[in-house]
Amino acid sequence: MDIIAILLSKPVLIGMHLGFAILGIDAFLWLLGMLKDNSGSQRSRMVTAAVGVAAFVASWLVGGYYYVVYYGVLVKPIIKSGLAPWAHNIIMETKEHIFLFIIPLAATMLFVVMLEKKDMERLMLRKPAMRLTGAVAVLGLLIGAMGFIISAAARWGAVS
Amino acid sequence: MNTPRLVRASAYASIITIVFVVVITVWADLSAPLKDRLKTLSGHHWTSKSILSVLLYAIATLVIYALPHKHGDEGLHGTLNVLFLSTVFGTILLTAFYTAHHLGYI
Numbered sequence: 023m024d025i026i027a028i029l030l031s032k033p034v035l036i037g038m039h040l041g042f043a044i045l046g047i048d049a050f051l052w053l054l055g056m057l058k059d060n061s062g063s064q065r066s067r068m069v070t071a072a073v074g075v076a077a078f079v080a081s082w083l084v085g086g087y088y089y090v091v092y093y094g095v096l097v098k099p100i101i102k103s104g105l106a107p108w109a110h111n112i113i114m115e116t117k118e119h120i121f122l123f124i125i126p127l128a129a130t131m132l133f134v135v136m137l138e139k140k141d142m143e144r145l146m147l148r149k150p151a152m153r154l155t156g157a158v159a160v161l162g163l164l165i166g167a168m169g170f171i172i173s174a175a176a177r178w179g180a181v182s
Numbered sequence: 170m171n172t173p174r175l176v177r178a179s180a181y182a183s184i185i186t187i188v189f190v191v192v193i194t195v196w197a198d199l200s201a202p203l204k205d206r207l208k209t210l211s212g213h214h215w216t217s218k219s220i221l222s223v224l225l226y227a228i229a230t231l232v233i234y235a236l237p238h239k240h241g242d243e244g245l246h247g248t249l250n251v252l253f254l255s256t257v258f259g260t261i262l263l264t265a266f267y268t269a270h271h272l273g274y275i
C-alpha cells in the first residue's frame with residue numbers, strides 16, 4: 023500500500039477532515055481572543071486568520087472527497103435504514119450546506135484583520151469583527167457536533 | 170490595494186454567496202430537474218454547489234471591489250453586521266427546511 027492509498031483511506035480522510043477543522047476552529051478562537059483584548063500585532067492576527075482559512079479549506083477538500091466518494095455509497099444507506107434516518111435527512115443535509123458558508127466568512131475575516139488597528143477603531147469594526155470571528159468558530163463547532171451525530175447514527179444503523 | 174474596499178467587497182460577496190447556497194439548496198431539493206442538472210455539471214450536486222459558490226464569491230468580490238463606491242468607509246461595520254445576520258438566518262433556514270422536509274411538511 024503506497025502513501026497515497028493510505029492518505030485516501032476512509033479513517034485517514036475522516037481524521038484529516040476533523041483535524042483540519044479543529045485547527046481552523048482553534049485559529050479563529052485565538053483570533054477572537056486577540057480581538058477581544060485588542061492584543062497581538064497586525065501581522066500575528068493576519069497569520070492566525072490565514073492559518074484558519076487554510077485549515078478550513080483543507081478540511082473542506084478532504085471532507086468533500088470523503089463525502090462524494092465514500093459517504094453516499096457506504097454510510098448513507100446504513101443511516102437511512104437504521105434507527106435514526108433523520109441523522110442524514112436533517113443533520114447531514116444541513117451540515118454539508120452550511121459548511122459552504124465558512125470559507126467566505128473566514129476569508130472576509132482575514133481581510134478585516136489586514137486593516138491596521140487604528141483603521142479598525144476608526145471604522146468601529148472591532149465588535150462586528152468579534153461577532154463574525156465567533157460565528158466562524160461556532161459554525162465550525164456546530165458542524166463538528168453534527169459530524170459526531172452522523173458517525174454515531176452510522177454505528178447504530180450497523181447494529182440495529 | 171484598498172483594504173476597507175476589499176473588506177466591503179468580500180462581505181457583500183459573502184452575503185450573496187450565503188443567499189445563493191440557501192436558495193439553490195432549497196430549490197434543488199424541491200426540483201429534481203435542477204438537482205439532476207447540478208449532478209451533470211460535476212458528477213455530484215454538492216460538488217457543483219461548492220464550485221459555484223466559490224466562483225460566485227471570488228467573482229463577486231472582484232466585481233464589487235472594482236465598482237465605484239461613492240460613500241466613505243463609515244458604514245462598513247453595518248455591512249459586517251448584515252453578514253453576521255445572513256449567516257445566522259442562513260443556518261436557521263437550512264436547518265428548518267431539512268427538518269420540515271424530513272417531517273413531510275414540505
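Taken in order, these protein sequences are the chains called W and F.
Count along the first sequence from 1, then add 22; that gives the number in the working numbering.
Count along the second sequence from 1, then add 169; that gives the number in the working numbering.
Heads up, the beta-carbon is just placed ideally off N, CA and C, and yes, glycines get one too.
The model shown is predicted, which means the values in this text are computed figures rather than measured ones.
{"query": "Would you tell me roughly how many angstroms separate the C-alpha atoms of F/V257 and W/P126, rounded to the nearest one?", "result": "14 Å"}
{"query": "Closest to F/H271 by C-alpha separation, out of W/I171, W/A109 and W/G86, would be which residue?", "result": "W/A109"}
{"query": "According to the neighbour-count rule (16 or more other Cβ atoms, all chains shown, within 10 Å of its Cβ), is W/E138 buried or exposed?", "result": "exposed"}
{"query": "For F/F271, which residues in chain W fall below 7 Å Cβ to Cβ?", "result": "According to the sequence provided, residue 271 of chain F is His. The question's Phe does not apply to it. Chain W residues near F/H271: W108, N111 and I112."}
{"query": "How many angstroms separate the CA atom of F/L221 from the CA atom of F/H213?", "result": "12 Å"}
{"query": "Would F/K218 and W/L122 be called neighbours here (beta carbons separated by less than 9 Å)?", "result": "yes"}
{"query": "When the Cα of W/S61 is compared with those of W/A159, W/M152 and W/V73, which residue comes out closest?", "result": "W/M152"}
{"query": "When you compare the CB positions of W/A49 and W/A106, do they come within less than 9 Å of one another, or not?", "result": "no"}
{"query": "So that I know if they touch, is there some Cβ in chain W lying closer than 9 Å to that of F/V232?", "result": "no"}
{"query": "Going along chain W, which residues have a C-beta under 7 Å from F/V192?", "result": "What F/V192 touches in chain W: nothing, since even the nearest Cβ is about 11 Å away."}
{"query": "Determine the extent of the alpha helix (DSSP H) in which W/A106 is found, giving its start and end residues.", "result": "It is not in any alpha helix (DSSP H) - W/A106 carries neither H nor E in the DSSP assignment."}
{"query": "Would you say F/L249 faces chain W, with C-beta separation under 9 Å as the test?", "result": "yes"}
{"query": "W/A159 and W/L51: beta carbons closer than 9 Å?", "result": "yes"}
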